[in-house]
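Data first, discussion second: the structure below is written as structure tokens.
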Amino acid sequence: MSDTVTSGQADLLLRLARKTIRDHLTMDSDEACEPPGDDVFDEEGATFVTLKRDGQLRGCIGNLEPSGTLWESIRRNAINAAFYDSRFSPLTEDELADVHIDISILSQPRPLYYTDANDLLVKLCPGKDGVVLRHRGRGATFLPQVWEQLPSVELFLGHLCRKAGLADDCWQTEHPEILVYQVQSFAEENK
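Just so we're aligned, residue 902 is where the sequence shown starts under our numbering, counting upward by one.
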């Protein structure tokens, strides 16, 4: 994405995500879901849609690379987060009112070159960097928002290794590929 999304555009995208989920639940038509004439919605964008209920994760799906326009990406990831995140059962109509939606628009991931575990500890920016870890055909990512729950770099990387199906200390004992990215994130107002 070349431009940042304004607060008005962010509100539209949040409403789009909620409407897309509601329409999927009620089998309503998507006829009113064409993007407004704003060019930013037609740009390609990598996004994640995160759903929380009572402060707990309820679904999170996205893509690290652009896959269609920003508008299409939000719609697709909203449906996938609500109904196809394998960690959770599909969202029900009764739950939707209690779900809080958060959207992240990602920068292009870039490799983080490091010499050893200590160097990696120094080079990561907690709270700012989203991190992709890849090793032995496995991979996982954490958005920068995950630093709120896992504030130490050691804890963050250990959980990321576990998410990838690797040993918690893989980041220390082996040399996984690390990529970092930043996000512009916005969320619905708390109810």
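Backbone N, C-alpha and C define an ideal beta-carbon position, used for all residues, glycine too.
On a predicted model such as this, the values are computed, not experimentally measured, just so you know.
Asked	Found
So, are the CB atoms of L1080 and L1021 less than 9 Å apart?	no
Measure the alpha-carbon distance for G946 versus D995 and round it to whole angstroms.	31 Å
Which residue from H1036, L915, R954, K1029 puts its Cα closest to that of T1074?	H1036
With a cut-off of 8 Å, do at least 3 Cβ pairs link the region 1025-1033 to the region 978-991?	no
Just to confirm before moving on: does the CB-CB distance between L971 and I1002 stay below 9 Å?	no
Nearest by alpha-carbon distance to T905: which of H1076, I1006, V1000 is it?	I1006
With three or more C-beta pairs closer than 8 Å as the rule, is the region 904-924 touching the region 1052-1062?	no
Between the beta-carbon of N978 and the beta-carbon of V1023, is there less than 9 Å?	no
Check for me: the beta strand (DSSP E) holding T844 runs from which residue to which?	Residue 844 is absent from the model: the chain starts at 902 and stops at 1092.
Would you say the beta carbon of N1019 comes nearer than 8 Å to a heavy atom of the ligand SAM?	Summarising the ligand content, the structure contains no ligands, and the ligand SAM is consequently not present.
Please report the straight-line C-alpha distance between E966 and A998, rounded to a whole angstrom.	30 Å
With H, G and I counted as helix, E and B as strand and the rest as coil, what does DSSP make of E1073?	Contrary to the premise, residue 1073 reads as Gln rather than Glu in this sequence. Helix.
Does the Cβ-Cβ distance between Y1082 and S1008 come in under 9 Å?	yes
Give me the DSSP bridge partner(s) of G963.	F949
Counting along the chain, where does the alpha helix (DSSP H) carrying E973 start and finish?	971-984
What would DSSP say about Q1083, mapped onto helix, strand or coil?	coil
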